[in-house]
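Chemist: From first to last, the protein sequence lines are chains V and L. Position one of the first sequence corresponds to residue 1 (the working numbering), numbered consecutively onward. Position one of the second sequence corresponds to residue 1001 (the working numbering), numbered consecutively onward.
Number of protein chains: 2
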Amino acid sequence: MDYKFANRMANLKTSEIREILKITERPEIISFAGGLPAPELFPIEEIKVVNKIVLEEEGSKALQYTTTEGYIPLRKWIANRMNTKLGTDFDYENILLTHGSQQALDLTGKVFLDKGDVVLCESPTYLAAISAFRAYECEFIEVPTDNDGMIPDELEMILENTEKVKIIYVIPDFQNPTGRTWSLERRDRLVKAAIKHHIVIIEDNPYGELRFEGEDLPSVKSFDRMGSVFCLGTFSKTFCPGYRIGWIAGDKIAIQKYVLVKQGTDLQCNTIAQREIAKYLELYEIDDHIAKIREVYRRRRDLTVKTMVEEFPEGVAFTRPQGGLFAWVELPTHVNAREVLVKSLEKNVAFVPGGSFFPNGGKENTFRINFSNMPDDRIVEGLKCLAEVLRHFV
Amino acid sequence: MDYKFANRMANLKTSEIREILKITERPEIISFAGGLPAPELFPIEEIKVVNKIVLEEEGSKALQYTTTEGYIPLRKWIANRMNTKLGTDFDYENILLTHGSQQALDLTGKVFLDKGDVVLCESPTYLAAISAFRAYECEFIEVPTDNDGMIPDELEMILENTEKVKIIYVIPDFQNPTGRTWSLERRDRLVKAAIKHHIVIIEDNPYGELRFEGEDLPSVKSFDRMGSVFCLGTFSKTFCPGYRIGWIAGDKIAIQKYVLVKQGTDLQCNTIAQREIAKYLELYEIDDHIAKIREVYRRRRDLTVKTMVEEFPEGVAFTRPQGGLFAWVELPTHVNAREVLVKSLEKNVAFVPGGSFFPNGGKENTFRINFSNMPDDRIVEGLKCLAEVLRHFV
């Protein structure tokens, strides 16, 4: 049958990452492609304990339908954590649990975007946020971005000259894909600009807990007194991604709209996952667990940067992230990273070319390196191998 | 801040059921309102076993990200099950796992519906399907429906005279909210009409395994040789709903579009839930488990029908479902079921008024009775009480 798909389907294409990830399932591949947490750090023994307790003490509730908003003790924990770490002022009614923070992006599109509305984003930005928003037939304008975040004068000029801007989407801490972190001043100016123009900011923060050095910075939200900023968070990077538990936090009236939309989208998050995470947080010290993750990722970041410094040929620039999972590589403008990938895969090394992180295309001379998911020795081996490939191109 | 929400938000309102469910959390309430499975039937002991094995044998995979399509052994099981029970001809690549079958409805809207497109549905139809599709700004036409399903001549006339019909949405087995089951002939004629007009059919089948009497009927899909029919299924009613694992099955090319859309929507289903269900299906005999559920629900259905026959005043009509979770009550036209509910809640008895099951409004003299989730004695007590309230109205 010839299906009459919706118009939006013409704009959607397969995520390049997901396609590359299929290749990287082969064990001989050294992969810098995914955004996967290190599975050897998952607290499996603790989860076994927690699982048993939840099923014994509250099994019939944990396996039943529940409210769309989510399990109150978990939402309370999240509100407290954000208030302590991010300088926010939330209670549990500001929090809606989502099926990973990816779903919070989708719900954001559903709640705010009409066809033709404009989303402002960093340049480059998170690939799957582009897919999530694009399903609502919006346009993207990439705001020129440097090492400290979006450039305020450029942002201001775009806001002055563009109708129908609905959302400014940012990842201020250890950004995906660049690993960059916004300065304090830029956070403040972003909020001022958004409030002046009555625009919503979506502050996506999946990596903020994974800082390897330097001081934590207050969130963009902490500068907001008008309810313009919505915060996305997740347990995927600090606990484990298989549970698919993330959240969105913001103004209560707007969060009620999100709840309404989530009802029709998928009713609710996995009930037992919500209760298991809450029980884990009650019985164990997640800060100790996060410290372990940070320690391993810091070492891998160090190895990554050191090997790139030593091995990558001249003319290749890269970021030195203070946290998170990613570094970003920029090649001379004449080099196409997709061609580098073809050669690199022949040597069993994978990464994600940077082009797809620009919603309007361009910058094919870039790629992303994920350093969280390979053992130390394979990181060094893989980057040496990649350096050799690069020497043929630059 | 004054938020500029998307236009679709003006059409969405809180699910009446979810609001009533909040009231029914009070333990003194006898609730016929939800669509909740009986939690005393959840296989908690088996889930404990399965959970331990999955975490021990494959913990780091079970807690990690996975593919959007879902766990292959589980998709294979589903394809086989459908082929055996429903007369389909699927393999695992026809199946996409979804976050409950509610998500399959949402993805269907995203894949097929543009603003102004038309969805044909039974009258009445499943409340949360209305919410799911309405988010894509479609219109609904309710096809006149009797005890055997949509009336073919009426359907044909609507198809002849309506532009932009994209989807025919049906629940042919033990429908929600009416409990009715389509006849064989109506299934056949539905598919013929849809093929003639190149329209997609969504066959939603959450209750098909819960037949209390009579013979299983072949699915609507089994009459389809053109790929027009997509089947929705779920483990919520045969296993437990807390896991949020459902599926959509259909033509492989179209399913690839669903996969694409799910990537941007929420990446994937809960990984450990997928593996636990697959392990359960490997280690235990789910047919034995379903037989237990059927036995309990049959008894409750019997009690429900018997009590309604004995107690409900003259002028009140109701269905006698051969399976599923629901019966449907029709009051004399001058009686408003929302007013009945107010009085009934004063006596601690809850149900869902039928009005919201009609996307274009009307039929306020109806309500839905769920009989799966109250102990036998409370069913009788609650319906007697409700009968007393009804006597004041009719």
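Built from N, CA and C at the ideal position, the CB exists for glycine as well.
How long is the line joining the alpha carbons of residue 1371 of chain L and residue 1379 of chain L, rounded to whole angstroms?
Modeler: CA-to-CA, the gap between residue 1371 of chain L and residue 1379 of chain L works out to about 7 Å.
Chemist: How far does the beta strand (DSSP E) with residue 119 of chain V in it extend, from its first residue to its last?
Modeler: 118 to 122
Chemist: Alpha helix (DSSP H) containing residue 83 of chain V: first to last residue?
Modeler: 72 to 86
Chemist: Can you have a look at residue 173 of chain V and say buried or exposed, based on whether 16 or more other CB atoms are within 10 angstroms of its CB?
Modeler: buried
Chemist: Let me check one thing: in DSSP terms, what residues is residue 1410 of chain L bridge-paired to?
Modeler: One cannot answer for residue 1410 of chain L here, as it falls past the ends of chain L, which runs 1001 to 1394.
Chemist: Could you tell me whether the Cβ of residue 292 of chain V comes closer than 9 Å to any Cβ of chain L?
Modeler: Cβ-Cβ to chain L under 9 Å: no for residue 292 of chain V.
Chemist: Distance, Cα to Cα, residue 1112 of chain L vs residue 1314 of chain L?
Modeler: Note on geometry: alpha-carbon atoms of residue 1112 of chain L and residue 1314 of chain L lie some 45 Å from one another.
Chemist: Taking the beta carbon of residue 226 of chain V as the centre, do at least 16 other beta carbons fall within 10 Å, making it buried, or is it exposed?
Modeler: With fewer than 16 other Cβ atoms within 10 Å, it is exposed.
Chemist: Give the list of continuous beta strand (DSSP E) stretches no shorter than 3 residues that lie fully inside the stretch 1182 to 1263 of chain L.
Modeler: 1200 to 1204, 1229 to 1234, 1246 to 1249
Chemist: Find the residues of chain L that neighbour residue 322 of chain V, judging by a C-beta separation of less than 8 Å, and give them in chain order.
Modeler: By Cβ distance, chain L contributes nothing, its closest Cβ being about 24 Å from residue 322 of chain V, past 8 Å.
Chemist: Would you identify the three-state DSSP class for residue 1067 of chain L, choosing helix, strand or coil?
Modeler: coil
Chemist: Identify each residue in the stretch 97 to 114 of chain V for which the Cβ-Cβ distance to at least one residue of chain L is less than 7 Å, and report them in chain order.
Modeler: 99, 100, 102, 103, 106, 110, 111, 112, 113, 114
Chemist: Under 8 Å: do the stretch 160 to 172 of chain V and the stretch 350 to 362 of chain V share three or more Cβ pairs, one atom per stretch?
Modeler: no
Chemist: Roughly how many whole angstroms lie between the Cα atoms of residue 351 of chain V and residue 1038 of chain L?
Modeler: 48 Å
Chemist: Along the stretch 1197 to 1216 of chain L, what residues have a CB closer than 8 Å to any CB found in chain C?
Modeler: Going by chain labels, chain C is absent from the structure shown, which instead holds the protein chains V and L.
Chemist: How is the alpha helix (DSSP H) around residue 96 of chain V delimited, first residue to last?
Modeler: For residue 96 of chain V, there is no enclosing alpha helix (DSSP H); the enclosing beta strand (DSSP E) covers residues 95 to 98.
Chemist: Which of the three DSSP states, helix, strand or coil, is assigned to residue 1176 of chain L?
Modeler: In this structure, DSSP gives residue 1176 of chain L a state outside helix and strand, which the three-state scheme calls coil.
Chemist: From L:1182, L:1029, L:1391, L:1044, pick the residue whose C-alpha is nearest to that of residue 1311 of chain L; which is it?
Modeler: L:1391
Chemist: Checking contacts by CB at 9 Å: is residue 1009 of chain L closer than that to chain V?
Modeler: yes
Chemist: Residues of the stretch 1262 to 1285 of chain L in Cβ contact with chain V at a cutoff of 8 Å, in chain order, please.
Modeler: 1263, 1264, 1265, 1266, 1267, 1268, 1269, 1270, 1271, 1272, 1273
Chemist: Checking contacts by CB at 9 Å: is residue 1382 of chain L closer than that to chain V?
Modeler: no
Chemist: Quick one: is residue 142 of chain V buried, meaning 16 or more other Cβ sit within 10 Å of its Cβ, or exposed?
Modeler: buried
Chemist: If you draw a straight line from the C-alpha of residue 1125 of chain L to the C-alpha of residue 1244 of chain L, how long is it?
Modeler: 22 Å
Chemist: Going by beta carbon distance, what residues of the same chain come within less than 8 Å of residue 100 of chain V, once the five residues before and after it are set aside?
Modeler: 234, 236, 241, 244, 245, 246
Chemist: If you draw a straight line from the alpha carbon of residue 386 of chain V to that of residue 349 of chain V, how long is it in whole angstroms?
Modeler: 7 Å
Chemist: Any idea what DSSP makes of residue 162 of chain V, helix, strand or coil?
Modeler: coil
Chemist: Going by DSSP, name the residue or residues bridged to residue 1370 of chain L.
Modeler: L:1326
Chemist: By the 10 Å Cβ neighbour count, where 16 or more other Cβ atoms means buried, how is residue 75 of chain V classified, buried or exposed?
Modeler: buried
Chemist: Assuming residue 1133 of chain L is part of the alpha helix (DSSP H), what are its boundary residues?
Modeler: 1127 to 1134
Chemist: Within the continuous alpha helix (DSSP H) that includes residue 1286 of chain L, where are the two ends?
Modeler: 1286 to 1311
Chemist: Pull up the CB-CB distance for residue 1170 of chain L and residue 1122 of chain L, whole angstroms please, since I reckon it's below 8 Å.
Modeler: 6 Å
Chemist: Compute the distance between the beta-carbons of residue 1398 of chain L and residue 1055 of chain L, then report whether it is under 9 Å.
Modeler: Any property of residue 1398 of chain L remains undetermined from this structure, which presents chain L solely from 1001 to 1394.
Chemist: Kindly say whether residue 1042 of chain L, judged by its beta-carbon, lies nearer than 9 Å to any beta-carbon of chain V.
Modeler: It does; some Cβ of chain V falls within 9 Å.
Chemist: Could you tell me which residues DSSP puts in a beta bridge with residue 1031 of chain L?
Modeler: L:1350
Chemist: For residue 1202 of chain L, which option in L:1129, L:1318, L:1086 has the closest C-alpha, if you only look at C-alpha atoms?
Modeler: Closest by alpha carbon: L:1129.
Chemist: Can you tell me where the beta strand (DSSP E) holding residue 1140 of chain L begins and where it ends?
Modeler: 1139 to 1143
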